[in-house]
Amino acid sequence: MGALVRGVWGSRSGRLGAVLSGLVVVAAVVSLVWTPYDPSRVDPAASWAPVGTAHWFGADRLGRDLFSQVLVGARTTLVVAVAATAIAAAVGVGLALLATLPPRLVAEGVAHLVDVLLAFPVLLLAMVLAAVYGGSRWTAIVAIGVGAGIGLGRVTRGEVRRVLGADYVLAARAAGAGTGRIVRRHVLPNIAPTVWVQLSLILGLSVLTEAALSYLGFGTPPPTPSWGRMLSELQPYLTLRPLTLLWPGLAVVLTVLGFNLLGDGLREAGDPRLRERPAGGSDGAPRTAAAATTPASTSPASTSPTPPAPAPMAAVAPTAGSAPRTRLRWVRGEGRA
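Each residue of the sequence shown is one higher than the one before, counting from -16 in this note's numbering.
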């Protein structure tokens, strides 16, 4: 784990993603113990208060402090994202194991079921569940977690198959190791890097989906502040008070960007092909003439001088209707070429 953390921090994208994600976590923790104002307190005297020392981000139409709402909204968003990601991890890894370990008929049935469920977008699934069971925070958490977990299961299934086909797993089976031991000792540790990268991306997806659900009225109900509902309430005043929409929108963008960059850092830290790049450029880059040219080695026992290289001959284009001619020349000691 320490090597993974050092690898993420050594990556430029991972370092930036860790900083942005850390700011969201700090804002969520701070909102537990302190906010400048009660985010739900209505103050008609402060309606549309400008940005200043009294209200750092200004106030909305009802006089509610926007900075306090953004702080508490960070906590709401982080709770939904972390809980949904935990559910997605359990669902995704479970589906991947069910699609590979059981008998072939059962495994293929689970794999086809995953392919069918992937046709339903996460946002649409969340809206259906919210319409049936009512909009709430837990409805959004379950809907996002299950929807994202299905996609994670599709990605993880290939990794599980790759590990199960490895020689050391076949040797463990031949030695009498059970399925549970193989999963604990071989499968889970080897698929962990891929799962961590996908979970970091699911965190960003959860933040975006929660904001969309709250914007549409299917997410966290009032009076709990939410970035998506702040955007929905302030949208009618976009042309009059555009700065008020900047803060919740910027919070969503920076949070999603931070989690995605953190996923890039995890991928670079866990993939040796990205950490160990060849010197002088990436793979497949053309090499320079000085690097590609090596001097011809001469044998110390040879007494005859090395024959000089023949002068380059200009290419003669064949005339129309005639076949190209082949030039023949003698090379000393090698016969006709």
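Idealized CB from N, CA, C, for every residue including glycine.
Using alpha carbons as the reference points, say which of 68, 120, 58, 187 lies closest to residue 129. 68
Residue 109 and residue 196 look like a contact to me (Cβ under 8 Å); what is the Cβ gap, rounded to whole Å? 6 Å
Is it the case that the region 182 to 200 contacts the region 90 to 98, given that we only count it when at least three CB pairs across the two stretches are under 8 Å? no
Straight-line gap, residue 156 to residue 169 (C-alpha atoms, nearest Å): 11 Å
Taking residue 15 as the reference, give the member of 115, 57, 220, -7 with the closest Cα. 57
Would you grab the beta carbon distance between residue 189 and residue 127 for me? Rounded to a whole angstrom, and I think it's under 8 Å. 5 Å
Express the C-alpha separation of residue 66 and residue 140 in angstroms, rounding to a whole number. 22 Å
Residue 11 versus residue 81: straight-line alpha-carbon distance, rounded: 37 Å
Please report the residue range of the alpha helix (DSSP H) in which residue 321 lies. Nothing can be reported for residue 321: it is not among the residues displayed for the chain, which extend from -16 to 320.
Can you give me the C-alpha to C-alpha distance between residue 220 and residue 212, rounded to a whole angstrom? Distance between residue 220 and residue 212, taken at the CA atoms: about 14 Å.
How about residue 72 and residue 178: do their beta carbons lie closer than 8 Å? yes
Please report the straight-line C-alpha distance between residue 216 and residue 163, rounded to a whole angstrom. Within the model, the alpha-carbon separation for residue 216 versus residue 163 is close to 51 Å.
Of the choices 26, 106, 17, whose alpha-carbon is the least far from that of residue 51? 17
Who are the Cβ neighbours of residue 244 in its own chain at under 6 Å, not counting the five residues just before and after it? -4, -1, 0
On a Cα-Cα basis, can you pick out the residue from -6, 154, 42, 224 that is closest to residue 25? 42
Which of the three DSSP states is assigned to residue 160 in this structure? coil
Mind checking which residues open and close the alpha helix (DSSP H) that includes residue 2? -5 to 16
Does the separation of the CB atoms of residue 176 and residue 253 fall below 8 Å? One thing to note: residue 176 has its Cβ within 8 Å of the Cβ of residue 253.
Given residue 122, which residues of its chain have a CB within under 8 Å of its CB, disregarding the five upstream and five downstream residues? 109, 112, 113, 116, 201
Just mark residue 206 as buried or exposed, buried being the case when its beta carbon has 16 or more other beta carbons within 10 Å. Its Cβ having fewer than 16 others within 10 Å, residue 206 is exposed.
Between residue 62 and residue 203, what straight-line distance do the alpha-carbon atoms span, to the nearest angstrom? 11 Å
Residues in the same chain with beta-carbon distance under 7 Å from residue 240, minus the five sequence neighbours each way, listed in chain order, please. Answer for residue 240: 3, listed in chain order.
Given a cut-off of 8 Å on the beta-carbon distance, is the pair residue 191 and residue 125 in contact? no
Answer with buried or exposed for residue 105, where buried requires no fewer than 16 other C-beta atoms within 10 angstroms of its C-beta. buried
Exposure label - residue 151; buried when at least 16 CB within 10 Å: Residue 151 should be labelled exposed.
Tell me which same chain residues have a C-beta within less than 7 Å of the C-beta of residue 7, skipping the five on either side of it? 57, 61, 238, 241
Please classify residue 225: is it buried, with 16 or more other beta-carbons within 10 angstroms of its beta-carbon, or exposed? Exposed.
Please look up how many angstroms separate the CB atoms of residue 165 and residue 142, rounded, as I've assumed it's under 8 Å. Rounded, the Cβ-Cβ distance is 14 Å, inconsistent with contact.
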